[in-house]
Structures are given as structure tokens and as C-alpha cells.
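Undergrad: Quick one: the structure is below, questions incoming.
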Amino acid sequence: MYHPTRGGVRGGRDQFTWEDVKADKHRENYLGHSIKAPVGRWQKGKDLFWYTRDKKSQNAEMEAAKEEIKRIKEEEEQAMREALGLAPKRSNRPQGNRLDKHEFSELVKRGSTAEDVGAGHAEAARVQGLGFAREPRPWEEPGSSKPSLGDTPAEEENVSLPSQPAMKTADDSEDESRRKRRREERKEEKREKREKHHSREDRKQEKREKHERGHSRDSDGRKRHKKDKERRRHDSD
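In UniProt numbering, the protein residues as written are 1 to 237.
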């Protein structure tokens, strides 16, 4: 006569929980979903009913904030004493905000981080970036796939693997091409140095020639001046 009600009767009130609404795709259709089932990092640890608080309760809130600051300072001091070895270490420490069951399931299922879970329950798109795929081997074709585990040993024996010297020759050819490139670069550098040296020598030679020309002009002028003097003396005599 006094048996408990069956599940699903009276509108399924006994089966409804706000935790299920957090992960529901139609969560926006529930009245009060932002208050009863908040999702997001900005809502964690915040007073969602701040608009209903009276101004007279500000003093009580300030006292609570002071108590919280005092408690945090005590925790920091205790942690510092434990780090310095002045106090024994405690085994049971508060571990901050923990994930609920839906957040934990999302974290395990997708392999995402805590920031992704806190930002919402939407499925994050996976982007396969550089380095995701395995590099093809030289003996594999571009469209070939891995052999399945169910293949017979005979098929495995028929697969012909390349010999080791072939791979070595490819590596040797790459090394040889690199060496040739380096030699060409060194030759180019030496050629540029020679050209610079020759250009400097040419400039020095030009300066030397200019200086010699100027010196020869001065000497010619002096000789003419002497000859003129001698003529004047001879004429005066």
C-alpha cells in the first residue's frame, strides 16, 4: 500500500536532474538553465544571484571576504612553513574545483583539456596538423595501406622488402649532392673575395697614378720657372 512510486510517473519528476540538462543539446529550452545548470568558466565560483542581494547585506559580504582572505593567508603561511620544513606536511589538502560526472565523461571521451570542458560541452573539432600522418617508406607506394593482422604467413613471405644497400645508396647520393652544393658555395665565396681584392687593388693603382701625375706636373712647372728666371737674367745682362 505504501510502495514507492514507479519511475516515470507524475511527469518523470523523480528522473529529472539539472546535471543532465548541462549536457543536453536543448538546454537553452529549459527555464532557468543559466542558474540551475550553469556551464562555463566565468560562472564557476561566482554569485549568480547577486541582483537579489540587499544593500544591507554588503557588510556581511565584506566580512565573509575578509574571512576568506585571512584563511588564504593562513594557508599560504602554512604551505611556506611546510616547504621550509618548520611544520609537518599535511596529507589531506583541498583540491579546488572538481569536475562533475558529465565534465569528467567529456574529458575522458574526447581526450581534451580542462579548459575545453570549462568553456562548454560542445564537441571540439579535431584538426590534424603537420606531423599527424606517418611518413611513407621508400618501398611503400603512396596509396598502399598497412597489412591486416589476419593475413596468412604465405602472403607475408611474398612481400619483398628492399635490400639495405639500396637505402644506403640513396642516402649516399643525398650526401654527395650536399657536398657538391657546399663546394659550389665555397667557390662562389672565394670568387667574390677575389673580385673585392682586385677592385681594391685597382682603386689603389688609380690613386697612385693620380698622385704621380700631380707630382710630374709640379716638377714641370718648377723647371719652366727656372728657365724663365735664367732667360730674364741673360736678357738683363
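No residue lacks a Cβ here, since even glycine has one placed at the ideal position from N, Cα and C.
From a predicted model like this one, the values you see are computed outputs, not experimental measurements.
Counting only beta-carbon separations shorter than 8 angstroms, does residue 174 have a partner in chain C?
TA: Annotation note: the requested chain C is absent from the structure, which comprises a single protein chain.
Undergrad: In whole angstroms, give me the CA-to-CA distance for residue 230 and residue 208.
TA: 33 angstroms
Undergrad: Looking at the structure shown, is residue 107 part of a helix, part of a strand, or coil, going by DSSP?
TA: When DSSP states are grouped into helix, strand and coil, residue 107 belongs to the helix group.
Undergrad: For residue 153, does the count of other Cβ atoms within 10 angstroms reach 16, so buried, or fall short, so exposed?
TA: Note that residue 153 scores 48 on pLDDT, short of 50, meaning its location in the model is unreliable; the coordinates nonetheless yield the value given after this. By the 10 Å Cβ count, residue 153 comes out exposed.
Undergrad: Below 8 angstroms between beta carbons: does that hold for residue 99 and residue 86?
TA: no
Undergrad: Checking 8 angstroms against the spacing of the C-beta atoms, do residue 82 and residue 73 come in under that value?
TA: no
Undergrad: Tell me the DSSP secondary structure of residue 51 in three-state form.
TA: helix
Undergrad: Using the Cβ count rule (16 or more neighbours within 10 Å means buried), how would you classify residue 123?
TA: The predicted position of residue 123 is uncertain, since its pLDDT is 47 and thus under 50; a value taken from the coordinates is nonetheless stated next. It is exposed - the Cβ of residue 123 has fewer than 16 other Cβ atoms within 10 Å.
Undergrad: Are at least three pairs of beta-carbons, each pair with one atom in the segment 10-28 and one in the segment 36-46, less than 8 angstroms apart?
TA: yes
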